[in-house]
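Residue numbers (full-length UniProt numbering), protein chains in the order written: chain A, 1 to 325; chain B, 1 to 325.
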């Protein structure tokens with residue numbers, strides 16, 4: 001088993017270090033946060049004194065480097081990798097994929113990089129909030145595009161699966177557009193809904209029921225986390241937001257003119273039913289030979305159609321297609 | 001104890017009939033729905049053969065009539081009341097208060113009407129979905145305005161409390177503006193969020209996490225119920241929607257220009273904290289003498305400040321003010 005070097009030991013990085021060690025990988029970490037470092041050491045984890053030390057060791061052991069630092073710290077760490085461990089395979093767990101791929105391509109153009117994003121989290125943060133079980137049953141996007149080396153892709157996918165996740169293959173663009181729709185826009189909506197509610201004063205709080213409580217829940221997330229993910233995905237979020245504004249504007253126009261909301265309400269109901277519907281057929285197993293020249297297309301098609309990879313057996317990616325709804 | 005005549009035996013009307021009978025009121029109902037009538041009869045409730053029969057009996061016994069019919073059926077029933085029981089006291093449980101007060105004022109200008117709205121529900125509907133416990137712990141708005149006879153107000157408040165609810169005094173305008181913010185706008189947002197998610201195809205469903213699940217939950221409600229309440233509260237909903245569009249437009253502008261979302265995200269976080277915060281002081285008891293000339297103002301101030309009435313003792317409304325946060 002190859003070694004794993006985790007840079008950043010907050011909620012996600014700290015959970016990766018725990019999960020890969022449980023899975024049997026030789027693994028160490030490093031962080032600039034003294035609090036997280038002390039906590040990880042106290043829990044018996046292997047933590048180097050500095051990011052530089054961790055990278056020198058990664059270069060010695062050809063370790064897979066996992067970048068778990070905030071997007072704002074990314075460029076500095078990429079420069080350290082260029083200086084100390086430029087030939088190590090590299091992945092990341094940052095919540096946006098296009099900007100990370102762009103920075104990696106600019107600073108480390110020849111690195112063996114495959115992007116990742118485990119779709120798991122918590123409103124808590126820091127090493128103490130992490131868990132080896134955080135990724136159990138969660139989707140973990142592992143990006144694939146034209147230039148992706150599928151041997152490296154398989155290495156990252158195997159790591160994600162070892163952490164308990166299942167792997168969703170997607171291009172960086174697909175990933176960013178999709179999380180804008182299903183995560184970043186919901187966070188913006190929750191913030192706006194909460195603020196409009198607050199304008200109603202204490203009477204609004206005493207009448208608020210389930211629809212408001214549910215619709216504003218994620219407005220309770222720490223603002224710096226929400227800003228980091230939303231602002232980091234700016235162009236995709238603008239597209240999703242414009243689509244939402246178009247739909248709300250249409251609803252407003254219809255309510256003001258005819259008084260009707262059938263189009264808006266029916267479309268939302270239909271969409272929610274699609275989201276919660278159980279597929280009528282069970283999932284069908286799919287096996288993709290990563291040495292096959294069509295493997296990349298097959299992986300991306302699988303992800304686009306809602307399927308996932310659940311194990312990597314040598315050169316074979318084994319997964320499930322959705323049942324026909 | 002006076003009698004109660006419930007018109008409409010769906011989820012809310014059926015629950016009112018059950019709850020008032022449990023509380024010891026002599027009570028009967030009527031409905032145009034054969035299914036609900038048969039189900040209520042089978043459960044041992046007193047159901048008249050027609051709305052007309054129920055109203056004649058109400059006139060004989062000076063019963064409090066509870067209108068639990070859809071807004072669209074309201075005018076027809078008000079005309080029946082005008083013909084058969086014009087001097088009975090009247091309340092309703094419709095989810096919008098201004099339009100009901102307007103229709104009552106137009107069709108039955110001299111009736112002893114006090115509006116009501118129990119803030120409880122379910123995604124199910126019909127007699128079978130009801131329960132005597134539906135209103136337990138729920139807020140029940142009982143409207144009060146300049147011309148309100150507080151003896152009649154107390155009668156309706158006592159009924160709501162007997163059903164297990166606590167009473168929030170508010171004007172019809174306050175009620176409609178507030179439910180637009182904390183219920184109708186959240187339903188519209190959920191519909192739009194679900195529809196934008198669906199545009200992301202199956203990949204969106206496989207990546208959707210808590211923020212999307214929570215933010216779209218009420219899009220699962222039956223579309224005709226959502227339309228009835230949103231379309232019935234048209235002017236107040238337009239105001240809340242315009243406020244939301246203004247805030248979303250500002251977020252869009254800021255994201256597109258500076259890339260920052262601090263104002264939006266911070267305001268939402270602050271509002272949600274205000275919503276979930278525990279008051280620092282416990283609630284303080286308040287007693288309002290309904291014979292006092294300031295009683296109406298005191299009731300409305302209490303509601304505006306987030307307080308509630310929990311019992312009616314003769315001419316005294318006893319309630320709680322919020323603790324100072």
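Glycine included, every Cβ here is placed at the ideal spot set by N, Cα and C.
Note that this is a predicted model, so its numbers are computed, not measured.
Would you tell me roughly how many angstroms separate the C-alpha atoms of residue 192 of chain A and residue 268 of chain B, rounded to the nearest one? Between residue 192 of chain A and residue 268 of chain B, the C-alpha separation is close to 6 angstroms.
Under DSSP, the alpha helix (DSSP H) around residue 108 of chain B begins and ends at which residues? Segment: none, residue 108 of chain B is in no alpha helix (DSSP H) and carries neither H nor E.
Margin query: With H, G and I counted as helix, E and B as strand and the rest as coil, what does DSSP make of residue 290 of chain A?
Written below: DSSP, reduced to helix, strand and coil, places residue 290 of chain A outside both helices and strands of the structure shown, so it counts as coil.
*asked:* Do residue 227 of chain A and residue 265 of chain B have their beta-carbon atoms positioned less than 8 angstroms apart in this structure?
replied: Contact: yes.
- prompt: So, residue 349 of chain B versus residue 67 of chain B, is the Cβ gap smaller than 8 angstroms?
  reply: Residue 349 of chain B is absent from the structure shown; chain B starts at 1 and stops at 325.
- Could you name the residues of the same chain whose beta carbon sits closer than 7 angstroms to that of residue 283 of chain A, not counting the 5 residues immediately before and after it, in chain order? Counting only Cβ-Cβ distances below 7 angstroms, and skipping sequence neighbours, we find 320, 321, 322, 323.
- Query: Which one of B/205, B/223, B/237 has the shortest CA to CA distance from residue 200 of chain A?
  - Reply: The shortest Cα separation from residue 200 of chain A among B/205, B/223, B/237 belongs to B/237.
I'd like to check one pair, residue 131 of chain A with residue 273 of chain A: are the Cβ atoms closer than 8 angstroms? Result no, Cβ atoms of residue 273 of chain A and residue 131 of chain A do not sit closer than 8 angstroms.
Next item on the list: Output yes if chain A places a C-beta closer than 8 angstroms to the C-beta of residue 131 of chain B; else output no.
Entry: Chain A contact via Cβ: absent.
For this session: Count the other CB atoms, across all protein chains shown, that sit within 10 Å of the CB of residue 294 of chain A; report buried if there are 16 or more and exposed otherwise.
Result: Residue 294 of chain A comes out exposed.
Open item on the list: Cβ closer than 8 angstroms: which chain A residues qualify as neighbours of residue 241 of chain B?
Closed with: Within chain A, the residues near residue 241 of chain B are 248, 251, 252, 255.
query = Going by alpha carbons, who is nearest to residue 381 of chain B out of A/308, A/270, A/303, A/204?
reply = Residue 381 of chain B lies beyond the residue range present for chain B, which begins at 1 and ends at 325; the question has no answer from this structure.
Review point. Is residue 54 of chain A near the ligand FAD, with its Cβ less than 7 angstroms from a heavy atom?
Key: Absence of the ligand FAD is noted for the structure shown, with no ligands found whatsoever.
Exercise. Do residue 167 of chain B and residue 309 of chain B have their C-beta atoms within less than 8 angstroms of each other?
Worked result: Yes, the Cβ-Cβ distance between residue 167 of chain B and residue 309 of chain B is below 8 angstroms.
At a CB-CB cut-off below 8 angstroms, which residues of chain A make contact with residue 91 of chain B? Within chain A, no residue comes near residue 91 of chain B; the closest Cβ sits about 18 angstroms away, beyond 8 angstroms.
Helix, strand or coil for residue 167 of chain B? Go by DSSP, reduced to three states. Strand at residue 167 of chain B.
* **Where residue 91 of chain A falls: helix, strand or coil (DSSP)** => Here residue 91 of chain A sits in strand by DSSP.
- Task: Can you tell me which of B/110, B/135, B/102, B/126 puts its alpha carbon nearest to the alpha carbon of residue 117 of chain B?
- Result: Cα-wise, what sits closest to residue 117 of chain B is B/135.
Q: Just the chain A side, please: which residues come within less than 7 angstroms of residue 206 of chain B by C-beta, in chain order?
A: The contacting residues are 139, 168, 306, 308.
Residue 26 of chain B, DSSP secondary structure in three states: In the three-state scheme derived from DSSP, where H, G and I count as helix and E and B as strand, residue 26 of chain B is classed as coil.
Checklist entry - CB-CB under 6 angstroms to residue 313 of chain A, same chain, minus the five flanking residues each way: which ones, in chain order? => result Excluding residues within five positions, none has a Cβ falling inside 6 angstroms.
Could you name the residues of chain A that residue 231 of chain B contacts, counting a contact when the two beta carbons are closer than 8 angstroms? Residues of chain A passing the Cβ test: 255, 259, 260, 261.
### Query
Which chain B residues sit within Cβ distance under 8 angstroms of residue 199 of chain A?
Listed along chain B are 181, 243, each with a C-beta nearer than 8 angstroms to that of residue 199 of chain A.
Quiz item: Does the beta carbon of residue 148 of chain B come closer than 8 angstroms to any beta carbon on chain A?
Solution: Look at residue 148 of chain B: its C-beta is not under 8 angstroms from any C-beta on chain A.
Can you list the alpha helix (DSSP H) stretches of 4 or more residues lying completely in the stretch 29 to 73 of chain A, in chain order?
Whole alpha helix (DSSP H) segments, 4+ residues: 34 to 42, 51 to 61.
Of the listed residues A/139, A/240, A/292, A/183, nearest to residue 306 of chain A (C-alpha basis)
Among A/139, A/240, A/292, A/183, the Cα nearest to that of residue 306 of chain A is on A/139.
Residue closest to residue 275 of chain A, alpha-carbon to alpha-carbon, out of B/34, B/311, B/249, B/220:
Of B/34, B/311, B/249, B/220, the residue nearest in Cα terms is B/220.
| request: Mind checking which residues open and close the beta strand (DSSP E) that includes residue 117 of chain B? | output: Counting along the chain, residue 117 of chain B sits inside the beta strand (DSSP E) bounded by residues 116 to 118.
Exercise for review: For residue 99 of chain B, name the three-state secondary structure that DSSP assigns.
Suggested key: Reduced to three states, the DSSP call for residue 99 of chain B is helix.
**Message:** Let me make sure I understand the geometry here. Which of B/92, B/69, B/84 has the alpha-carbon closest to that of residue 126 of chain B?
**Reply:** Check the Cα spacing between residue 126 of chain B and each of B/92, B/69, B/84: the tightest is with B/69.
Rounded separation between residue 225 of chain B and residue 184 of chain B - CA only:
Rounded to the nearest whole angstrom, the C-alpha separation of residue 225 of chain B and residue 184 of chain B is 11 angstroms.
For the beta strand (DSSP E) that contains residue 319 of chain B, what are its first and last residues?
-> Residue 319 of chain B -> beta strand (DSSP E) spans 316 to 321.
Quick one: is residue 202 of chain A near chain B, going by C-beta distance under 8 angstroms? Closer than 8 angstroms: yes.
*Three-state class that DSSP yields for residue 172 of chain A in the structure shown*: In this structure, residue 172 of chain A counts as helix in the three-state DSSP scheme.
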